[in-house]
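Asks: To start, I am sharing the structure in question, which I have written as structure tokens.
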Amino acid sequence: MTYREAMRAAIREALNRDERVFLMGEDVGRYGGCYAVSLGLLEEFGPERIRDTPMSESAFVGAGIGAALGGMRPIVEIMTVNFSFLALDQIVNNAATLLYMSGGQFSVPLVIRMTTGAGRQLAAQHSHSLEGWYTHIPGLRILAPATLEDARGMLWPALCDPDPVLIFENGILYNMEGELSDNPSGVDITSAAIRRAGEDVTVIAYGGSVRAALAAADTLAGDGISAEVIDLRSLRPLDDEAIFASVGRTHRAVVVDEGWRSGSLSAEVSARITEHAFYDLDAPVARVCSAEVPMPYAKHLEDAALPQAADVAAAVHVLGS
Amino acid sequence: MTYREAMRAAIREALNRDERVFLMGEDVGRYGGCYAVSLGLLEEFGPERIRDTPMSESAFVGAGIGAALGGMRPIVEIMTVNFSFLALDQIVNNAATLLYMSGGQFSVPLVIRMTTGAGRQLAAQHSHSLEGWYTHIPGLRILAPATLEDARGMLWPALCDPDPVLIFENGILYNMEGELSDNPSGVDITSAAIRRAGEDVTVIAYGGSVRAALAAADTLAGDGISAEVIDLRSLRPLDDEAIFASVGRTHRAVVVDEGWRSGSLSAEVSARITEHAFYDLDAPVARVCSAEVPMPYAKHLEDAALPQAADVAAAVHVLGS
Amino acid sequence: MTPRARKTAVPDRPIAQPGRAADASPDAPATSPVRPPVTRKAPKDGSAGTAKDHERHLLHQMLRIRHFEERCVELYSASAIRGFLHLGIGEEACAVGLVEALSPEDAVVSTYREHGHALARGISMRSVMAELEGKLEGTCRGRGGSMHIFDAATRFFGGNAIVGGGLPLAVGLALADQLQDRRRVTACIFGDGAVAEGEFHESMNLAALWHLPVLFCCENNLYAMGTALARAQSETDLSLKASSYRVPAWAVDGMDVLAVDAAARHAASAVRDGGGPHFLELRTYRYRAHSMYDPDLYRDKAEIERWRARDPIPALTEALSAAGALGEEERERMEEEVAAEIEDAVAFAEAGTLEDVAELGRFVTSERGPEGTPCLP
Amino acid sequence: MTPRARKTAVPDRPIAQPGRAADASPDAPATSPVRPPVTRKAPKDGSAGTAKDHERHLLHQMLRIRHFEERCVELYSASAIRGFLHLGIGEEACAVGLVEALSPEDAVVSTYREHGHALARGISMRSVMAELEGKLEGTCRGRGGSMHIFDAATRFFGGNAIVGGGLPLAVGLALADQLQDRRRVTACIFGDGAVAEGEFHESMNLAALWHLPVLFCCENNLYAMGTALARAQSETDLSLKASSYRVPAWAVDGMDVLAVDAAARHAASAVRDGGGPHFLELRTYRYRAHSMYDPDLYRDKAEIERWRARDPIPALTEALSAAGALGEEERERMEEEVAAEIEDAVAFAEAGTLEDVAELGRFVTSERGPEGTPCLP
Ligand SMILES: Cc1ncc(C[n+]2csc(CCOP(=O)(O)OP(=O)(O)O)c2C)c(N)n1
Ligand SMILES: Cc1ncc(C[n+]2csc(CCOP(=O)(O)OP(=O)(O)O)c2C)c(N)n1
Ligand SMILES: [Mg+2]
Ligand SMILES: [Mg+2]
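The following block contains the structure:
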């Protein structure tokens, strides 16, 4: 099974489980989803529940909010985070705000899924990693499934959340293969996970960069450095406890983030660790992020712009000295 | 003279100095600007150069980009940062990206001005401080004039910049009074400024929060603590040298930011200080930010949500212990 | 029942062509409004009473709104109300005519200029005034203020202060009704300025494409802040614009509450009966500045006066009097009732409490799932 | 010369009503296109030569584009081209007819499906191919790839991959021309899918309101990825939609290069002569999938075949042959010329270099102000 299929299974389960759930977005139906996530679901559930929209990001995201207010449980797909700019007013000013602004009267049980990340030579307008940006907004829950299990398990609890949840699927993960247990539905969506235990340094990653972190940990093991790899999973709220507990043991931390360095989620994680664990740290928290350039098309340039396993390992070595 | 008038004088100077400059935005002309910044300029320069637009943020910001590509030097006013969401696709995917994506062929000499900040009981949809968000975007220069001199002096060098510049004017500053020198045009837009020298702690602020930082420094002086106050002025790129130099002297830093704490500019400043000056620090970098809530209307709640001088002083006291 | 199947129910062309006779340009206030081809059904559904009872009720509602807002001006001067305050004085016929035509199960999505809609909708004047004064007893605990009135009991979904931002919400509310086979109308109110926003375009298309039960109501008061309609739109006939989405659209004299009432009833029942979205352009005028900050430099005093001459309140008062349906005594009693209600609301608001600062962080997220949230076992 | 003053020059209604006769629905390819009421001016301005020379030139251009793109498919299979690759095979008449009608001083703003526009505009095939292969010798140093071709020399402003995102740029370019009193046209190309975006609405209105010299060209190929026009638009007559902004608009048979050429010349000169924005709907079809990723599940093979039967290239070839204006030998020579140009371009691209990784950070910001940047003394 692939990550893509795990996501599809999660959508199918939700549609079967609650008739208020429907999927809406550009080309989710007849085309099968721009990354084929929803392939076949139109035939299974029909055009009312697998709903192709015109190219009107603001209107269909806003319609998702309205439908949630009206008692439905919409899953809105925005093809990629790059196009979510066009719906940002609806996400920030409405979805994230209505509950508070109405004094607790109107909650917005909406799930928005979108693809994020680079690595497929799609160049400057299709390669953003802006999930970190969204973590700035109170009222949103932000999830980043990095494993098949999370792709399969995060959607249902996200739908159970009475408030808006954004799920960021890193495009390079869709073809990732793996096994899933038979009874997979529902995972905890509030905590980080230790993907590899270690003692000398904590490498904190999420989404598409977990693989680079794990690869770096392998390399480092060869160098006699035992790296613990944390997958944040929930980007807002952050699971501070898990992060602090690990850093409390290892006394060193590197944050890996596919976002541009300045103002990225990695900055927040770094600042929090320093605030909380300053006197426990043996070295400053390091960050490995994307180069601050609009993503170039050429493969060698794109590779150079993205955080690679070797960059993570190198950052750990610098800390270790 | 007020900050508002200083800004107006800057616009007037630019219009007089270069015929390619024009001002465009909602109600900049007949209404006189939603915060009266451009009051009277329509009469002085006519409707071609003081150009009222329909309520179409995406189109008129995009038109500013196109006009810049076509040889003009537009100043686009977005009434407030809250509405800039609607133009974000144009700002990020076009203005910030065209030069890089075209391999250096097309620069975008555009200035976008917008009001930011809370404190005027405008509630959840009109009180964002999202300048920190914009600092995440490569290709943009982000300025935050906190003084009359900067309100007066930053516009012309911003127009001289061949690349897009965003100027964030905190709404509570418009009525601030002060004196200006006779020959004010042009200030340096790349450096931070020390607004008050001190020895024991560096308080880093910008825009609307500089006043709170200075007030806190006053209080702290009474407690025998000498605080240095840095006004960042340029939020992207950050003047790292000035920050590091100050923290190198004081060994303690507090960052004040009207943005929501998580993922704010303060996180980036904190992370950078830790990365650079970890072994110089006597205490973890502290942050004083807005509460992570959509801004409430009621005055007492809004005051509680915003970073106040007392909060800054309290944060310094915690560090000092 | 796919959207496509439903779509075939839409007539090929708008069922009524947009009115071109009405001229609501600044220089010539509408005098011969276009009315939809319906006979006026006066009594509110279910209520007994005569047509004149209903008209008196409309007058009463307009008076409540007018005097409430006049009182707001005083309270603003006294700093009891702060922030942005947008008044609909002059536009009461739109609010009353439209909202009175809706049923309780319908939804309203409005703008920051929504006091009138809120009051007409039946939200208590007390809680509206308390909201404006930032009190816990307000509709939104004082967190919203004038621009953000919300009320779940009456399905009043704001109070939206991003121009155009309410339209997609309304589309979504209507989609929920369609998907759940509920015969409800979502009335979506916005100004002429909003028509230039991309969200107008996207929402009109989506509603029409999916044949959703939205009643789009454009309060065309000829200005968006200081920008006259002709400086904002290449096509100033907004009903014509609406009909380019294949949405049936009319222009209505927004200074005549009976005209609005009739048009809104007709349109709302068409929407309710599965006729898809409809669009009403209510041609109106605001007598006061855009907000309390606005120096109102962009309009001619004479223009304002011409529109004042068509004030909907004296017009209906006189019509009722002339028809012998409103005696001087009754009129005075109505005024007194309104004055008393306002005084009571102000007293209520003044006596209201401030939310505890410790509650600042409440409702950023929900405290528990709303009734019926799907939940893991 | 205020926008208002200019506006009075616009006729009250579109100078031509949108064509309703043409039927470009998937089930019935257009056979009787609506043509604008102009006589065809064949030779390009300034050039000598006969009408037939011009037609042969158009054929040559279409062949260059067709075979270039066919070669791209091979290169994609061979992994020399990566990322998203969108081909305009079937749509060449639109690209050639439109772009050939422009003057060198005009500007073009296009989409991610822009190879044809770029080649027709005169950007060398070598630099386009090098761009697609990510080489430094490409139009954008290999940073843009297929979706982002830019060329300052020919005023080719992308290569924009956010649907609808190019429209405001085009409006701004035209505004710059208006403000600087330059008689230039900005041609803005986009697809039928873009019409649903808010930016379409805002840009059409702004261009019309300010009477800007934009030529809006909608390549209506009936699908936006897998979404058929009728599932995206409540009003599928896109020219009618355009005319609701008071922009003169026509539908044109986009499978007939001569029809496109004539319509584009007519519209471009109207724009150039101060007629304000114009809109052309070019009714066309893409033979291949949306991109190399698209399994093309949403269309009927028979539909594709019906459109292939109207392929613009054989159509013009046959017409020229029948008129005795294209001998078999000449046709072969043309094919050979095209093949040689493509081989040369591929060889150029393959021999191209990769930008030094050390240059990754160049051009995030400008290295120096462009000529004439206002600068402090
Ligand atoms: C997206 C957005 N842009 C700008 C504003 C500022 N603004 C508030 S009201 C207004 C004018 C709206 O005019 P209209 O839609 O005609 O409504 P009216 O105020 O006349 O009732 C403007 C520009 C806003 N609130 N939202
Ligand atoms: C704003 C935005 N939303 C979605 C996409 C993804 N996307 C790329 S092309 C396309 C279809 C566009 O269709 P159309 O405008 O008809 O142009 P065509 O591809 O048919 O030439 C979509 C949905 C995008 N690039 N930008
Ligand atoms: Mg208005
Ligand atoms: Mg298309």
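Chains as they are written, first to last, in this note's numbering: chain A, 20 to 340; chain B, 20 to 340; chain C, 858 to 1234; chain D, 858 to 1234.
A virtual CB, placed ideally from N, CA and C, is assigned to each residue, including glycine.
1) Fully enclosed by the stretch 214–286 of chain B, which beta strand (DSSP E) runs are 3 residues long or longer?
2) Please say whether D/Ala1018 and D/Tyr1080 have beta carbons closer to each other than 8 angstroms?
3) How would you label C/Lys1158, buried or exposed, when you count the other beta carbons within 10 angstroms and need 16 or more for buried?
4) Return yes when at least one heavy atom of ligand 2 lies under 7 angstroms from the C-beta of D/Arg983, else no.
5) Between which two residues does the alpha helix (DSSP H) containing C/Ser984 stretch?
6) Give the residues from the stretch 60–84 of chain A that approach chain D closer than 7 angstroms (Cβ to any Cβ), ordered along the chain.
7) Here's a check: name, in chain order, each residue in its chain whose Cβ is nearer than 7 angstroms to the Cβ of C/Arg928, leaving out the five neighbours to either side.
8) Where do the ends of the beta strand (DSSP E) carrying B/Gly85 lie?
9) Taking A/Gly81 as the reference, give the member of C/Glu949, C/Met1061, C/His1068 and C/Asp963 with the closest Cα.
10) Expressed to the nearest angstrom, what Euclidean distance is found between the alpha-carbon atoms of B/Thr21 and B/Val40?
11) Return the Cβ separation of C/Val965 and C/Ala1044 in integer angstroms, given the expectation that the two are a contact with Cβ distance under 8 angstroms.
12) Answer yes if the stretch 1075–1095 of chain D comes into contact with the stretch 983–1003 of chain D, meaning at least three C-beta pairs across the two stretches below 8 angstroms, and no otherwise.
13) Just how far apart, CA to CA, sit B/Ile94 and B/Ile30?
14) For the putative contact between D/Leu920 and D/Ile1170, defined by C-beta atoms under 8 angstroms, what is the C-beta separation to the nearest angstrom?
15) Tell whether a beta-carbon distance below 8 angstroms holds between B/Cys308 and B/Arg280.
16) Less than 7 angstroms separating the Cβ of C/Glu1145 from some heavy atom of ligand 1?
17) Quick one: give me the first and last residue of the beta strand (DSSP E) that D/Ile1046 is part of.
18) Give the secondary structure of D/Tyr1142 by DSSP, where H, G and I count as helix, E and B as strand, and everything else as coil.
19) Spell out whether any CB of chain B is found under 8 angstroms from the CB atom of C/Glu1187.
20) Between D/Ile1019 and ligand 2, is there a pair consisting of the residue's CB and a ligand heavy atom that are separated by less than 7 angstroms?
21) With distance defined between alpha-carbon atoms, name the residue in A/Arg291, A/Ile110 and A/Leu284 nearest to B/Pro313.
22) Tell me which same chain residues have a C-beta within less than 6 angstroms of the C-beta of D/Tyr1142, skipping the five on either side of it?
23) Of all the CB atoms in chain C, is at least one closer than 8 angstroms to the CB of A/Leu141?
24) Given a cut-off of 8 angstroms, decide if D/Glu1175 and A/Met74 are closer than it, judged by their beta-carbon atoms.
25) In the structure shown, what three-state DSSP assignment does C/Trp1107 receive?
26) Cβ of C/Ala1031 within 8 angstroms of Cβ of C/Val1071?
27) Please classify B/Val56 as buried or exposed, where buried requires at least 16 other C-beta atoms within 10 Å of its C-beta.
28) B/Leu257 to B/Ala211, Cα distance in whole Å?
29) Leaving out five residues on either side along the sequence, give the residues of the same chain with a beta carbon under 7 angstroms from the beta carbon of A/Leu199.
30) Please report how far the alpha carbon of C/Gly1226 lies from the alpha carbon of A/Ala33, in whole angstroms.
31) Of all the options D/Lys992, D/Gly995 and D/Phe1007, which has the alpha carbon lying nearest to the alpha carbon of D/His974?
32) Looking only at C-alpha atoms, which of B/Glu67, B/Gly123, B/Val248 and B/Val206 sits nearest to B/Ala224?
33) Consult DSSP for D/Thr865 and reduce its assignment to one of helix, strand or coil.
34) Return the CA-CA distance between D/Leu932 and A/Leu60, expressed in angstroms with no decimal places.
35) Within the present structure, is the beta-carbon of C/Ala1081 separated from the nearest heavy atom of ligand 3 by less than 7 angstroms?
36) Do you know offhand how far C/Glu926's Cα is from C/Gly1023's?
Replies: Answer, in terms of the structure:
1) 220–224, 246–250, 253–255 and 272–279
2) As a first step, residue 1080 of chain D must be located in the fourth sequence, where it is residue number 223. As a first step, residue 1018 of chain D must be located in the fourth sequence, where it is residue number 161. Against a cut-off of 8 angstroms, the Cβ pair of D/Ala1018 and D/Tyr1080 comes out as no contact.
3) Against the third sequence, residue 1158 of chain C aligns to sequence position 301. With fewer than 16 other Cβ atoms within 10 Å, it is exposed.
4) Taking the first residue of the fourth sequence as position 1, residue 983 of chain D is located at position 126. Because no heavy atom of ligand 2 lies under 7 angstroms away, the Cβ of D/Arg983 does not count as near it: no.
5) One-based indexing of the third sequence puts residue 984 of chain C at position 127. Taken as a continuous stretch (DSSP letters only), the alpha helix (DSSP H) holding C/Ser984 covers Met982 to Leu989.
6) Asp71, Pro73, Met74, Ser75 and Ser77
7) Start at 1 with the first residue of the third sequence, and residue 928 of chain C comes out as number 71. Excluding residues within five positions, the ones whose Cβ falls inside 7 angstroms are Ile1199 and Val1203.
8) Residue mapping note: residue 85 of chain B aligns to position 66 of the second sequence, counting from 1. It is not in any beta strand (DSSP E) - B/Gly85 instead sits in the alpha helix (DSSP H) that spans Glu76 to Leu88.
9) Translated into positions along the first sequence, residue 81 of chain A becomes position 62. Out of C/Glu949, C/Met1061, C/His1068 and C/Asp963, C/Met1061 has the C-alpha closest to the C-alpha of A/Gly81.
10) Translated into the one-based positions of the second sequence, residue 21 of chain B becomes position 2. Translated into the one-based positions of the second sequence, residue 40 of chain B becomes position 21. Their backbone Cα atoms lie some 23 angstroms apart in a straight line.
11) Along the third sequence, one-based indexing puts residue 965 of chain C at 108. Along the third sequence, one-based indexing puts residue 1044 of chain C at 187. Confirmed, Cβ separation roughly 5 angstroms.
12) no
13) By one-based count along the second sequence, residue 94 of chain B stands at place 75. By one-based count along the second sequence, residue 30 of chain B stands at place 11. Rounded to the nearest angstrom, the two C-alpha atoms are 9 angstroms apart.
14) Stepping through the fourth sequence from its first residue, residue 920 of chain D is reached at position 63. Stepping through the fourth sequence from its first residue, residue 1170 of chain D is reached at position 313. That belief holds up - the Cβ atoms of D/Leu920 and D/Ile1170 are roughly 7 angstroms apart, short of 8 angstroms.
15) By one-based count along the second sequence, residue 308 of chain B stands at place 289. By one-based count along the second sequence, residue 280 of chain B stands at place 261. A contact, by the Cβ cut-off of 8 angstroms.
16) To locate residue 1145 of chain C, count along the third sequence from 1; it is residue 288. In the sequence as displayed, the identity of residue 1145 of chain C is Arg instead of Glu. Checking every heavy atom of ligand 1 against the Cβ of C/Arg1145, none is found closer than 7 angstroms.
17) Your numbering for residue 1046 of chain D matches position 189 in the fourth sequence. Thr1043 to Gly1048 is the span of the beta strand (DSSP E), which, as asked, contains D/Ile1046.
18) As a position in the fourth sequence, residue 1142 of chain D is number 285, starting the count at 1. If DSSP states are grouped into helix, strand and coil, D/Tyr1142 belongs with coil.
19) By one-based count along the third sequence, residue 1187 of chain C stands at place 330. No - not a single Cβ of chain B is within 8 angstroms of the one on C/Glu1187.
20) Here residue 1019 of chain D corresponds to residue number 162 of the fourth sequence, with the count starting at 1. True, at least one ligand heavy atom lies under 7 angstroms from that Cβ.
21) Along the second sequence, one-based indexing puts residue 313 of chain B at 294. Selected option, being the one with the closest Cα: A/Ile110.
22) Along the fourth sequence, read from residue 1 onward, the residue named residue 1142 of chain D stands at position 285. Within the same chain, D/Tyr1142 has close Cβ partners Gly947, Asn1078 and Trp1164.
23) Here the question's residue 141 of chain A lines up with position 122 in the first sequence. No, because no Cβ of chain C sits closer than 8 angstroms to the Cβ of A/Leu141.
24) Working through the first sequence from its first residue, we reach residue 74 of chain A at position 55. Working through the fourth sequence from its first residue, we reach residue 1175 of chain D at position 318. No, these two residues do not count as a Cβ contact at 8 angstroms.
25) The residue labelled residue 1107 of chain C in the question sits at position 250 within the third sequence. Looking at C/Trp1107 - three-state DSSP - the assignment turns out to be strand.
26) Numbered from its first residue, the third sequence carries residue 1031 of chain C at position 174. Numbered from its first residue, the third sequence carries residue 1071 of chain C at position 214. Cβ distance < 8 angstroms, so C/Ala1031 and C/Val1071 count as in contact.
27) In the second sequence, counting from the first residue as 1, residue 56 of chain B sits at position 37. Flag for B/Val56 reads buried.
28) Along the second sequence, read from residue 1 onward, the residue named residue 257 of chain B stands at position 238. Along the second sequence, read from residue 1 onward, the residue named residue 211 of chain B stands at position 192. Taking the straight line from one Cα to the other gives about 8 angstroms.
29) Your numbering for residue 199 of chain A matches position 180 in the first sequence. Excluding residues within five positions, the ones whose Cβ falls inside 7 angstroms are Met20, Ala25, Leu167, Glu168 and Arg171.
30) In the third sequence, counting from the first residue as 1, residue 1226 of chain C sits at position 369. In the first sequence, counting from the first residue as 1, residue 33 of chain A sits at position 14. A caution first: C/Gly1226 carries a pLDDT of 48, below 50, which makes its placement in the model unreliable, though a value can still be read off. Using only the alpha carbons, I get a separation of about 17 angstroms.
31) For the purposes of this step, residue 974 of chain D is identified with residue 117 of the fourth sequence, where counting begins at 1. Measuring from the Cα of D/His974, the nearest candidate turns out to be D/Phe1007.
32) Within the second sequence, residue 224 of chain B is the residue found at index 205, counting from 1. Taking only the C-alpha atoms, the option nearest B/Ala224 is B/Val248.
33) Numbered from 1 along the fourth sequence, position 8 holds the residue referred to as residue 865 of chain D. Note that D/Thr865 scores a pLDDT of 27, beneath 50, so its modelled location is shaky; the value from the coordinates is reported in the next line. In this structure, D/Thr865 counts as coil in the three-state DSSP scheme.
34) Along the fourth sequence, read from residue 1 onward, the residue named residue 932 of chain D stands at position 75. Along the first sequence, read from residue 1 onward, the residue named residue 60 of chain A stands at position 41. Rounded to whole angstroms, D/Leu932 to A/Leu60 spans 33 angstroms at the Cα level.
35) Taking the third sequence and counting its residues from 1, the one referred to as residue 1081 of chain C is at position 224. Answer for C/Ala1081: yes, Cβ within range of ligand 3.
36) One-based indexing of the third sequence puts residue 926 of chain C at position 69. One-based indexing of the third sequence puts residue 1023 of chain C at position 166. About 23 angstroms.
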